[in-house]
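Q: Residue numbers (the working numbering), protein chains in the order written: chain A, 146 to 485; chain B, -17 to 548; chain C, 4 to 296.
Note that the Cβ used here is the ideal one computed from N, Cα and C, for glycine as well.
Every value quoted in this text rests on a predicted model; they were computed, and no experiment measured them.
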């Protein structure tokens, strides 16, 4: 297991390195002078040139790349072109909020979609199946921003219990200083009032963000359950007298859960992408909000930082899922170790 | 039979698919007596498996509907029995062994866990209380009963860690955990090599003897039936066409279908064997000179090569023009690798193959080489592209041999005629053809550029037994007409006995024995050849008596172990 | 379905075409989906004839009728400068479908070719292509597209480029997986033995076996490209006014929420309608052709 994970981690690290190089290359290919952006249209050519020199933009490409990568290795993402603050600091400040939102979203997706998928497969072709199918379809086809707006509309009129923007009531005096996650830190420091307040705030954005994935994971779970249900070993288990409930949960779901887990990993990039819109609409103070803001301001260094951190997120998520798959499926481990 | 354990009468079952309803079982009646061994014989699609599912109660309904009849087990009507009572019988009254040993296991749970589940839930149904250790003792006892020597380690293993033969043993053990009175076995051992299959059959017979349970064996292999059944039912297209005790059916089959099934099995010994004679005065077509082939074994974080596995080990062969040269061996013996080296698809690690006196190494990939050697694969379902029409597929070799459009068209008509297919088949797609027709198309494709040598890689083993002979006859005729040389690769020694004039037996990458077919079969020298021949199920006692005998020690020496983990 | 119906296969008398049609005609999602997709295409192609107020598609101003609720005259109501939202939606479909065709027209062939090459050649080619694909998959597509359009200046063409740059990866993965599985089939080796060229094997033998999966994927993709384009526009980084774009309309309309709800909701529902159509069609095709994505 450890061996298998090391192997996966190494290949994901390679992805990460490639990602950094790729983003840097794209950023340099794209027309537009970062120095000009930083100084604004009123600066003189001499001022721009001076800044170019200072930022190392006149060095040969490979030296720039090297400087950039060695900076990265030390956790340095460069300085914001507009505020001159280190990008890393800004991102670290915004990161926990996004992490919390994404974690809540994935939990929501798993809690809702897997049981519904199992139900739909169990009552295949009945009204239960049809209802879940329609629900999942609505989730998949509703654009995240439309859903976000609808939820806000509902919240401002009917569901006033749920706040429309932000992460915590301004009246709450609380600093999430342990993990940065409000929900977790509030519990750790014995502040249930903060916990419930934060819970109120996270409900709507997490729902808006989870909808698309819920539909997809539900469908995959259903078809995977049906597929596994037709395999020989299920028939054998039934014929040996294993009760239907145990056959469904231990035999079918366990095998069938591999597919939805894989999808969760693959769709993680889209999830982060959607977070950009959802955070924007709900003014959630995460890196996606920060990203949209810096993109609109053409703050190139910050943009690179945000995209890169999103990539890291993706890599970590996939490593976690690999680990889960390895725990569930011995074939995964054994195949990973034999490696052909 | 005073008191049958299983009594099926007048069973009608139909299926509804794509809005069309078709009856699958017609008035099926059969009985299994206490402690009796009964075989249900039929080809794929005859309704055997549906019958089995109806008995154990795993028939998917819908699409299936039971339209009439009854199934009684120990006097109780199963079809109207309430769900609880019926579930109580599962695994304890009636148990099954499914066909594919790997697919019958939950791949994610250890063997021990799966077996424990079976015992535990049966205990719940029967109201027995046993703790985990007691259940574990029962599991070990059963595993030892199926001759697995290290039950502890087997219980900790996952299904993929076991060999095919061991999986089959464990599977039988699973079925027996709760002492069923009736065991239904669906094609046991057919997915395995013939020597392993033989061990499994012996084991099943022994278990029936020891436990006194009844056995219902579902199979298409008549040789297996002869060793495993007291009584026989023959099923064709959902109807029982003949039944009776084994002796009578094997001596005097009444129904035409039974007779054709019997005739389709090539004899291994005795007067009905055909000797194929061919004198090799025409000179050598293929010379295999000291060929070895290694495949790298890789492992570790950097995927470094840690060693090699030798698939073909110092093989020397000389195949004459006009020969039908058989290469026999079980899976993993290296016979297919050798064939691929002959075709230039793999390059040998050392040694060389000369075809028509010219080195394969130099010729591989050239037009001339393609006009010399072609191949027919085992499974036409895989060797024909499902998305391309027959004409498209036949035109590929022609296109790359430089034929122009008009020539290709006329050549395709010629080829279809050559393999007895009507010209209109040119526009059809593989899924519109039967297995035998597909194999004809594959043969036509191999012959399209007039090669001199055909490598036949188990060309009949994916086909139903009745069609096998038709394809073999076609191959014989084509060889006469086109003066071909065949390299016939197979695990089916009975078929080789009647089709090849020379054979070589491959064992762990080496040729352990070769010679003229009648001599090799009459007087096999190598232990492995003898073990192989002795394992083949045959149709008559006379043939069985002529098989070579192998004692257990010798057997152990040449066969891969199916009873211990390595 | 594999083991379960073994015994029935012999008794089928339907041809595969009839079976496919049977499945299609009994598949409500395929039928509804194709109807919706057809209506969206008709609306886009015949926009000038269908739009009740074609001049609304441009920078038209009609202050008398601004913020009119839906009525017979203005089916979906009017916006903040009095333009007919229904007419703008119809024209908006032109932009959306144009985006779909532009993106998929480039991304699909590119992704399919890479997937074919990676699966067929294996070895180093596979390693390079698939690692490259893995890297591109790790980039959140919306974030990347945002970044690119922002730096390049936001307009339809740049949005198209940005989406295309990331979209091919999914097709590469899909085709790679199919080809990898097909490579174990003997017909590939048979073609090699017959002397077929690499080109022939990739495009004549392997590609036909990918077609059904590709068509399902394209149908599902079309919906998501529309969504994607709309999302970019919503953030102000896609199509620029006064060109009628559904995402931009939702974004502008949402400023007048909740009073003039139709201004955001109607274009929003129009997006949903088109995506729903493509999704239903894709699902229907998937059931019909029995493909797994």
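Can you list the residues of chain B that residue 248/C reaches, using a CB-CB cut of under 8 Å?
A: Chain B residues near residue 248/C: none, gap ~40 Å exceeds 8 Å.
Q: Near residue 269/B, what residues of its chain come up, given a Cβ to Cβ distance below 6 Å and the 5 sequence neighbours on each side ignored?
A: 300 and 336
Q: On the CB-based measure, 16 or more other CB atoms within 10 Å of its CB, does residue 428/A come out buried or exposed?
A: exposed
Q: Any Cβ of chain A within less than 8 Å of the Cβ of residue 77/B?
A: Yes, residue 77/B counts as interfacial toward chain A.
Q: Which partner residues of residue 201/B appear in the DSSP bridge assignment?
A: 23/B
Q: Check whether the Cβ atoms of residue 525/B and residue 252/B sit closer than 8 Å, and answer yes or no.
A: yes
Q: To the nearest angstrom, how far is it from the Cα of residue 476/B to the Cα of residue 520/B?
A: 9 Å
Q: Distance check for residue 143/C and residue 203/C, CA to CA, integer angstroms please.
A: Those two C-alpha atoms are separated by around 36 Å.
Q: What residues from chain B crowd round residue 476/A, counting only those whose CB sits closer than 7 Å?
A: 89 and 142
Q: Please decide whether residue 122/A counts as near chain B, where near means a Cβ-Cβ distance under 8 Å.
A: The structure shown does not extend to residue 122/A, since chain A is modelled only from 146 to 485, so the question has no answer here.
Q: Of all the CB atoms in chain F, is at least one closer than 8 Å to the CB of residue 43/C?
A: As a matter of chain content, chain F is missing from the structure shown, whose protein chains are A, B and C.
Q: Just checking my contact of residue -13/B with residue 14/B at CB under 8 Å: how many whole Å lie between their CB atoms?
A: 6 Å
Q: Would residue 163/A count as contacting chain C if we go by Cβ distances under 8 Å?
A: Taking Cβ atoms only, chain C reaches closer than 8 Å to residue 163/A, which makes this a yes.
Q: Which first and last residues belong to the beta strand (DSSP E) in which residue 468/B is found?
A: 467 to 472
Q: Beta-carbon of residue 289/A versus every beta-carbon of chain B: anything under 8 Å?
A: no
Q: Of the residues 358/B, 64/B and 276/B, which one's Cα is nearest the Cα of residue 418/B?
A: 358/B
Q: Using 10 angstroms around the beta-carbon of residue 10/C, count the other beta-carbons present and answer buried if the total reaches 16, otherwise exposed.
A: Reliability of the predicted coordinates at residue 10/C is poor, the pLDDT of 33 falling under 50, and no value is obtained from them.
Q: Please return the same chain residues whose Cβ sits closer than 6 Å to the Cβ of residue 30/C, not counting the five positions on each side in sequence.
A: 287 and 290
Q: Beta-carbon of residue 518/B versus every beta-carbon of chain C: anything under 8 Å?
A: No, its Cβ sits nowhere closer than 8 Å to a Cβ of chain C.
Q: Would you kindly work out how many angstroms separate the C-alpha atoms of residue 484/A and residue 136/C, rounded to a whole number?
A: Because residue 484/A sits at a pLDDT of 37, beneath the cut-off of 50, its placement in the model cannot be relied upon, and the following sentence gives the value as read from the coordinates. Residue 484/A and residue 136/C have their C-alpha atoms roughly 21 Å apart.
Q: CB residue 411/B to CB residue 398/B, shorter than 8 Å?
A: Contact flag unset, no.
Q: Determine the direct distance from the alpha carbon of residue 189/C to that of residue 195/C, and round the result to whole angstroms.
A: 10 Å
Q: Helix or strand or just coil, what does DSSP make of residue 510/B?
A: helix
Q: Report the CB separation of residue 55/C from residue 82/C in whole angstroms; it is logged as a contact under 8 Å.
A: With a Cβ gap of about 14 Å, residue 55/C and residue 82/C do not count as contacting.
Q: Any heavy atom of the ligand HEM inside 7 Å of the beta-carbon of residue 473/B?
A: The ligand HEM is not among the ligands present in this structure, which contains no ligands whatsoever.
Q: Considering just the uninterrupted stretch of the alpha helix (DSSP H) at residue 179/C, what are its terminal residues?
A: Unbroken alpha helix (DSSP H) run through residue 179/C: 159 to 185.
Q: Between residue 379/B and residue 437/B, what straight-line distance do the alpha-carbon atoms span, to the nearest angstrom?
A: 16 Å
Q: Anything in chain B within Cβ reach of residue 377/A, meaning under 7 Å, just list it in chain order.
A: 80, 82, 85 and 86
Q: For residue 116/B and residue 109/B, I'd like the C-alpha separation in whole angstroms.
A: 15 Å
Q: Can a CB atom of chain B be found closer than 8 Å to the CB of residue 13/C?
A: The predicted model places residue 13/C with a pLDDT of 39, which falls under 50 and marks its position as unreliable, so this point remains unresolved.
Q: Anything in chain B within Cβ reach of residue 371/A, meaning under 8 Å, just list it in chain order.
A: Chain B residues near residue 371/A: none, gap ~11 Å exceeds 8 Å.
Q: For residue 262/A versus residue 367/A, is the C-beta distance shorter than 8 Å?
A: yes
Q: Looking at the unbroken beta strand (DSSP E) that takes in residue 69/C, where does it start and where does it end?
A: Per DSSP, residue 69/C lies in no beta strand (DSSP E) and is assigned neither H nor E.
Q: Using three-state DSSP, classify residue 137/B as helix, strand or coil.
A: helix
Q: Indicate whether at least one CB of chain B lies closer than 8 Å to the CB of residue 125/C.
A: Chain B, which has no Cβ nearer than 8 Å to the Cβ of residue 125/C, makes this no.
Q: Report yes or no: is there a C-beta of chain C within less than 8 Å of the C-beta of residue 414/A?
A: yes
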